[in-house]
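Going by UniProt numbering, the sequence shown opens with residue 1, and the numbers climb by one from there. Encoded as C-alpha cells, the structure appears first; notes follow it.
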Amino acid sequence: MIVVTGATGNVGRHVVDELVAAGAEVRALTRDPESARLPEGVEVARTADLPLDGADAVFLNPAVVWGTGAGELLRKAGQAGVRRIVTLSSSAAAEPGPGNVIGNHHHELETEIEASGLVWTHVRPGAFASNALQWAEQLGKGDVVHGPYAQAHTAPIHEADIAAVAARALLSEDYAGQAPVLTGPQSLTFAEQVTIIGEVLGRPLRYEEIPPEAAREAMTGGGVPADIADTLLRLFAGAVGRPAEISPETERITGRPGRTFAQWASDHSAAFS
Ligand SMILES: NC(=O)c1ccc[n+]([C@@H]2O[C@H](COP(=O)([O-])OP(=O)(O)OC[C@H]3O[C@@H](n4cnc5c(N)ncnc54)[C@H](OP(=O)(O)O)[C@@H]3O)[C@@H](O)[C@H]2O)c1
C-alpha cells in the first residue's frame, strides 16, 4: 500500500495514476473525499486522519504539513511500519539562507525526514509548468499577460514528469538517499512561455512586463504570503537574461526525455480557453 498526500494536486493526481498503472495499492489523501474525483479502485481517505496503517511508502506534498512540520506524520509512519518516504521538495532546498523562505522551508522538511530513520528520496523540481495556470484568468479576458520580469528564465517541468520520478522512488529503493533536481527540457522566459501557449491555442498572446512592485501587490492581493512573494520576485530578478540549467535527472530516472512546455500547454489548453 502506498499513501499519496495532496492526491488531488497537480503532481499528486499523476502520482496516483502512475502507481495504479504499476499495479500498486493506493490510498489517496484529500481534505474532501466527496469532491476528490480519484480513480476507481483507489482508497480515498481524509488528510486530517493521516491513515498510514498498512503502508509501505508515503508520498509527501509539503502543503499538508505547511506550518506544522512533519513530526506527527513521521511519528505515525514509524508506528505503522512505513519504510519509504518520497518528499515533493524543491530545487530551492539546495540553497537555504536568509530571504529564501521557499528554500528554507523545504530544507527544514528534508532535514526532519532524514532524521526520522525512514528510507527517503527528495524529489527537487524547479519551476512547475503548471505555474502558468496563474495566467489563465488574464487570458480568459484578453490576449495579454501582465507580469514581472518578462525575460526571466525557468526550465518549466510538466507535473507528470515529476510524478513519474516520484512513482519510481515510491515503488523501489533504487533512489534511496537521493535528491534529484528535476527540470523541464528547455529554458524559457516568461514571455516565451506565453508565446508558446498562444501558438498552441492559435492566438497571438503576449507578455507585458509590469514593475516588480505592481506584481508584488497583485501576488499578495491574490493570497500569496508577502515573504513568499518577495522570495519569488528575487529569484525572477536573478534569472533575467540567464538561461536556466537543464537537469538530466528526469531522463535518467524515467528513461525518456521530459515533456516540453508546448506539450504541457496542449495538455492544459482547456484551462486557457
Ligand atoms: N510551483 C512550483 O514551481 C514548485 C516548485 C518546486 C516545488 N514545489 C512544491 O510543490 C508543491 C505544490 O505541488 P502541487 O502543485 O502538486 O500541489 P497543489 O496542487 O497546490 O496542492 C496539492 C493538494 O494538497 C492539498 N492541500 C493544499 N493545501 C493544503 C493544506 N493547507 N492542508 C492540507 N492539504 C492541502 C489539496 O488537496 P485537497 O484539497 O484535495 O485536500 C491540493 O490539491 C509546493 O507546495 C512546493 O512544496 C512547487
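Glycine residues also receive a C-beta, built at the ideal position from the N, C-alpha and C atoms. Given the structure is predicted, the values throughout are model-derived calculations rather than measurements.
Secondary structure note for Glu208: its beta strand (DSSP E) is the uninterrupted segment 206-209.
Across the set Ala163, Trp120, Ala214, the C-alpha of Trp120 shows the shortest separation from the C-alpha of Tyr175.
Sorting Gly71, Gly6, Val16, Val11 by C-alpha distance to the C-alpha of Leu171 places Val16 at the top. If only uninterrupted beta strand (DSSP E) runs of at least 3 residues are considered, those enclosed by the segment 39-66 are 43-46, 57-60. At a cut-off of 7 Å, the beta-carbon of Pro125 counts as near ligand 1: some heavy atom of the ligand is closer than that. The straight-line gap separating the alpha-carbon atoms of His14 and Val165 is approximately 11 Å. Excluding residues up to 5 positions away in sequence, Pro185, Glu251 lie with their Cβ nearer than 7 Å to the Cβ of Pro257 in the same chain. When C-alpha distances from Met219 are compared across Glu208, Leu52, Leu232, Glu209, the shortest belongs to Leu232.
Between ligand 1 and Asp230, a heavy atom-to-CB distance of less than 7 Å is absent. Within 7 Å of the C-beta of Pro39 there is not a single heavy atom belonging to ligand 1.
For Arg216, the enclosing alpha helix (DSSP H) covers residues 212-221. Contact check for Arg27 against Ala55 passes: the beta carbons are separated by less than 8 Å. In the three-state reduction of the DSSP assignment, Arg252 falls in the helix class, which pools H, G and I. With a beta-carbon spacing of about 22 Å, Ala265 and Ile210 fall beyond the 8 Å limit used to define contacts. With distances taken between CA atoms, Glu217 lies nearest to Pro148 out of Val181, Pro148, Gly255, Ala115. Excluding sequence positions up to five before and after Gly241, its CB lies within less than 8 Å of the CB of Gln151, His153, all in the same chain and listed in chain order. With a cut-off of 7 Å, the C-beta of Ser247 is classified as distant from ligand 1, since no heavy atom of the ligand falls inside that distance.
For the pair of segments examined, the segment 61-75 was found to touch the segment 99-115: the number of CB pairs separated by less than 8 Å reaches three.
Buried is the label assigned to Gln193, since at least 16 other Cβ atoms lie within 10 Å of its Cβ.
Around the beta-carbon of Leu133, fewer than 16 other beta-carbon atoms lie within 10 Å, marking it exposed.
For Gly177, same chain residues with a beta-carbon under 8 Å away, outside a window of 5 residues either side, are Val119, Trp120, Thr121 in chain order. Bridge partners of Ile85 according to DSSP: Val58, Trp120. In this structure, Asp161 has its beta carbon at no less than 7 Å from each heavy atom of ligand 1. Considering only Val200, Ile162, Ile157, the residue with the shortest C-alpha distance to Ser187 is Ile157. Shown here for Ala127: same chain residues with a beta carbon closer than 6 Å to its own, the five before and five after excluded, namely Thr154, Pro156 in chain order. Each residue's CA atom was taken as its position, placing Asp267 and Gln138 some 19 Å apart.
By the neighbour-count criterion, in which 16 or more other beta carbons inside 10 Å mark a residue as buried, Pro125 falls on the buried side. Distances taken from the Cβ of Asn131 to the heavy atoms of ligand 1 include one shorter than 7 Å.
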